Amino acid sequence: MRTTKRGTARWLAALVGVVALTAPGLVAGTSVATAEEASLPSGNTDFRTWDDYVAEMDRLAAEHPDLVEKFVMPEKTTQGREVYGLVISSDVATADDKPAFVDVGLHHGNEWASAELTMEYAIEVVENADSPTYASLLDDARLVVVPVVNVDGLIADTRQVATGVDMNRNYGFGWANRSRPGTGPWSEPETRNMRWLLSTSQGTVFNTQHTCIKVVLYPPLLKAAGPAQDTPRLHALAADVAASYGPDYSALASADDYETNGEAIDYAYYATRGLSITTETCPDVRPRGHEFGPEVLDVYDNHAEAMTKAFTTAADPAEHATITGVAPKGSKLTLTKDFTMWTSPYEQADGTVAPTSFEEHLESSMTVTADDGTFSWGVNSSYRPVPAYTENGVEGPQTEYLTEPYTLTCESPTGRTASTTVNVDVGESVEAALDACREPTTVKATALPAVFGLDTVVLAHVQGKPKPDGEIVVEVDGREIGDGTLFKGRAAVRIDASTLSRGRHELTVTYAGSPTSAPSSTTTKLLVLRK
Ligand SMILES: [Zn+2]
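If you use mature numbering (1 follows the signal peptide of the UniProt record, and there is no 0), the sequence shown corresponds to residues -28 to -1, 1 to 503, in order.
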């Protein structure tokens, strides 16, 4: 059952009116033809109910198990409803190493078009996953979609959640007690769900879809708190997205549209450094609100183009950070970070005006799936923009980033663990040292005496369980003079001693490691004799 037929009926009535007024002119004919051609990936012609959204997500996950995973947000809504989303990526079960484009609709429950556009784009990507554009994006990134974040608001057709709170004023970062923000930061389960999503997804781009203005907005929310450190990158993305909707759409800092507190994009950017935008679409016609034709059908093609730009940016290694390394196949890697964030100053119970803080914990994980143990993990930069909201109030503008390394831990299938810290910036790729996650090894080496000017042999034995395989390298004074391959843990490495003077030399014998065995090295003496 549809929520209403009213929207389509009005829209058709409006078209008929245009036809009647101008028929049989060319304009009328064009209008009708356009209306007939405009179609959505789903083929829908009217708004979905909440049950329709759930059925659509279930269908996509059931029909495309390699591509689509449905997930449940951690908390139920105030009225006890589950909130669902989709992860869409090639080989989705093992796609956690890919950066994400996090795309959500319907923070405001009466902005139905925002949910429809978000759902339709997910369907388009899934149904056209083999097209060159989407196949490439799905290989490189994940599309994480929550079409309806405010389920109670959709059903009640209210802007706010069921408690009467505007969830897009309830995010804790920079929260202030104005515009129905809730009893405190993060007071609403719907907002806490979004906090969970954003703090666990490695969303390198985040879009929250709204109606009804013709703008694409980026942080900050308050002029006094900005501009954001990444303004050139944020503006470039927002302008690119806005251009898809048409020349009458503009890209600007949210504070330059109107000032607010506690919105999704501010938290998302300042906590994770993912490029975060609020996309607001609006038709030219009135009345607005639930007019399916002008608000969904007529906007959709532009919306799809805009979201593909955002998805492409999310997948671009130049726009995020990459952590590489080697760990045994099947190892679980976890990336965490903990820090404190602050609200705006607001009136406390004792009458004083002061900000409050909350502890932020970012955590994401992936599983190493490559046979050779190598991994490459697309993540947000570890360098966090210094926020303007502090224990002293709003202290902008800020230009610096905090050097705040991630903690990367590894747990191997055999229970070995390793932990290291990683600083990695936008556009950078950094190799993480996780040797302790592999089985330990030791090298024993003996060099047979060499006769001056001739070659000799180093006997190497690498011990460990399982028996190590891989390469042995022999160096003197940092210069490689021989290498060999282990067989059952042993190698006889022929070395070029012709350039070495008579006497004793110290050789470094290094085992390079394997997907399951950690590298190790030792030194041994080589005696070069006169002929
Ligand atoms: Zn809105």
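Just so you know, even glycine gets a beta-carbon here, dropped at the ideal spot from N, CA and C.
Note that the coordinates shown come from a computational prediction; the quantities given were computed from them, not determined experimentally.
Over what stretch of residues does the beta strand (DSSP E) that includes residue 462 continue unbroken?
Here residue 462 is taken as the residue at index 490 of the sequence shown, counted from 1. Run containing residue 462: 462 to 467, per the beta strand (DSSP E) assignment.
Pull up the DSSP beta-bridge partners for residue 455, would you.
Taking the first residue of the sequence shown as position 1, residue 455 is located at position 483. For residue 455, which the question treats as bridged, DSSP gives the partners 445.
Please work out which residues of its chain come closer than 7 Å, Cβ to Cβ, to residue 212, disregarding the five sequence neighbours upstream and downstream, and give them in chain order.
Taking the first residue of the sequence shown as 1, we reach residue 212 at position 240. Hits under 7 Å: 281.
Member of 337, 484, 278 whose CA lies at the smallest distance from the CA of residue 432
Mapped onto the sequence shown, residue 432 falls at position 460. Closest option to residue 432, Cα to Cα, is 484.
Using the Cβ count rule (16 or more neighbours within 10 Å means buried), how would you classify residue 335?
Within the sequence shown, numbered from 1, the residue matching residue 335 stands at position 363. Burial call: exposed.
Using the Cβ count rule (16 or more neighbours within 10 Å means buried), how would you classify residue 114?
The sequence position of residue 114 within the sequence shown is 142, counting from 1. Classification of residue 114: buried, given that the 10 Å Cβ count is 16 or more.
Using a Cβ-Cβ cutoff of less than 6 Å, which residues in the same chain neighbour residue 311 once the five nearest sequence positions on both sides are dropped?
Translated into the one-based positions of the sequence shown, residue 311 becomes position 339. Counting only Cβ-Cβ distances below 6 Å, and skipping sequence neighbours, we find 332.
In or out: residue 65 buried (at least 16 other Cβ within 10 Å) or exposed?
As a working note, residue 65 is residue 93 in the sequence shown. Exposed is the call here.
Which stretch, first to last residue, makes up the alpha helix (DSSP H) that contains residue 84?
Here residue 84 is taken as the residue at index 112 of the sequence shown, counted from 1. 84 to 99 is the span of the alpha helix (DSSP H), which, as asked, contains residue 84.
Just to confirm, is the Cβ distance from residue 487 to residue 407 under 8 Å?
As a working mapping, residue 487 is identified with position 515 in the sequence shown. As a working mapping, residue 407 is identified with position 435 in the sequence shown. Taking 8 Å as the Cβ cut-off, residue 487 and residue 407 do not qualify as a contacting pair.
Where do the N-terminal and C-terminal ends of the alpha helix (DSSP H) with residue 498 fall, by residue?
What you label residue 498 is simply residue 526 of the sequence shown in a count that begins at 1. Looking at the DSSP string, residue 498 is not in any alpha helix (DSSP H); the run it does join, the beta strand (DSSP E), is 492 to 501.
Considering only the alpha carbon of each residue, which of 20, 472, 203, 238 lies closest to residue 81?
Here residue 81 corresponds to residue number 109 of the sequence shown, with the count starting at 1. Comparing Cα-Cα distances from residue 81 to each of 20, 472, 203, 238, the minimum goes to 20.
For residue 344, collect the residues of the same chain with a Cβ closer than 7 Å to its Cβ; drop the 5 residues on either side in sequence, then sort them by chain order.
Indexing the sequence shown from 1 puts residue 344 at position 372. Cβ within range, chain order: 487.
Kindly indicate the opening and closing residues of the beta strand (DSSP E) around residue 45.
Locating residue 45 in the sequence shown gives position 73, counting from the first residue. Counting along the chain, residue 45 falls outside any beta strand (DSSP E), and DSSP gives it neither H nor E.
Excluding the 5 residues preceding and the 5 following residue 32 in the sequence, name in chain order all residues of the same chain whose CB lies nearer than 6 Å to its CB.
Indexing the sequence shown from 1 puts residue 32 at position 60. Result list for residue 32: 40, 98, in chain order.
Tell whether a beta-carbon distance below 8 Å holds between residue 440 and residue 201.
Taking the first residue of the sequence shown as position 1, residue 440 is located at position 468. Taking the first residue of the sequence shown as position 1, residue 201 is located at position 229. The answer is no: Cβ separation not under 8 Å.
Would you say the beta carbon of residue 79 comes nearer than 7 Å to a heavy atom of ligand 1?
Translated into the one-based positions of the sequence shown, residue 79 becomes position 107. At least one heavy atom of ligand 1 is nearer than 7 Å to the Cβ of residue 79, so yes.
Below 8 Å CB to CB, which residues in the same chain sit around residue 222 once its five sequence neighbours on both sides are set aside?
Residue 222 sits at position 250 when you count from the first residue of the sequence shown. Excluding sequence neighbours, residue 222 sits near 186, 187, 188, 214.
Does DSSP classify residue 143 as helix, strand or coil?
Position 171 of the sequence shown holds residue 143. Note: residue 143 maps to coil in three-state DSSP.
Which word fits residue 270, buried or exposed, when buried means at least 16 other C-beta atoms lie within 10 angstroms of its C-beta?
Against the sequence shown, residue 270 aligns to sequence position 298. Buried: at least 16 other Cβ atoms inside 10 Å.
When you measure from the CB of residue 275 to every non-hydrogen atom of ligand 1, does any distance come out below 7 Å?
By one-based count along the sequence shown, residue 275 stands at place 303. Flag unset: Cβ of residue 275 not near ligand 1.
To the nearest angstrom, report how far apart residue 3 and residue 224 are at their CA atoms.
Looking up residue 3 in the sequence shown gives position 31. Looking up residue 224 in the sequence shown gives position 252. Only weak support exists for where residue 3 lies, its pLDDT of 38 falling under 50; the value from the coordinates is given anyway. Each residue's Cα considered, the two are about 32 Å apart.
Does DSSP classify residue 485 as helix, strand or coil?
The count along the sequence shown starts at 1 and reaches residue 485 at position 513. Residue state, collapsed to three classes: coil.
Going by Cα to Cα distance, which pick from 267, 293, 95 is closest to residue 378?
Sequence index remark: in the sequence shown, residue 378 carries index 406 (1-based). Comparing Cα positions, the closest option is 293.
So, at 6 Å on beta carbons, what are the nonlocal neighbours of residue 477 in its own chain, with the 5 sequence-adjacent residues on each side left out?
Translated into the one-based positions of the sequence shown, residue 477 becomes position 505. Excluding sequence neighbours, residue 477 sits near 448, 498.
So, is residue 504 buried or exposed, given that buried needs 16 or more other C-beta atoms within 10 angstroms?
Outside the shown range of the chain (-28 to 503) lies residue 504, about which nothing can therefore be said.
Reduced DSSP secondary structure (H/G/I, E/B, other) of residue 213
Here residue 213 refers to the residue found at position 241 when the sequence shown is read from its first residue. Here residue 213 sits in helix by DSSP.
Any idea what DSSP makes of residue 186, helix, strand or coil?
Taking the first residue of the sequence shown as 1, we reach residue 186 at position 214. The answer is coil: DSSP assigns residue 186 none of H, G, I, E or B.
Is residue 252 closer than 8 Å to residue 194 when the C-beta atoms are compared?
Stepping through the sequence shown from its first residue, residue 194 is reached at position 222. Stepping through the sequence shown from its first residue, residue 252 is reached at position 280. Not a contact, by the Cβ cut-off of 8 Å.
Proximity test, residue 235 beta-carbon vs ligand 1 heavy atom, cut-off 7 Å
What you label residue 235 is simply residue 263 of the sequence shown in a count that begins at 1. It does not: the Cβ of residue 235 is nowhere closer than 7 Å to a heavy atom of ligand 1.
Return helix, strand or coil for residue 133, following the three-state DSSP convention.
As a first step, residue 133 must be located in the sequence shown, where it is residue number 161. Residue 133 falls in the coil class under three-state DSSP.
State the Cα-Cα distance for the pair residue 247 and residue 305, rounded to the nearest angstrom.
Position 275 of the sequence shown, counted from the start, is the residue given in the question as residue 247. Position 333 of the sequence shown, counted from the start, is the residue given in the question as residue 305. Straight-line Cα distance between these residues: approximately 24 Å.
Among 103, 111, 16, 55, which has the Cα closest to the Cα of residue 63?
Your numbering for residue 63 matches position 91 in the sequence shown. For the residues 103, 111, 16, 55, the minimum Cα distance to residue 63 belongs to 111.
Tell me which residue opens and which closes the alpha helix (DSSP H) that residue 108 is part of.
Translated into the one-based positions of the sequence shown, residue 108 becomes position 136. Note, residue 108: alpha helix (DSSP H), 104 to 112.
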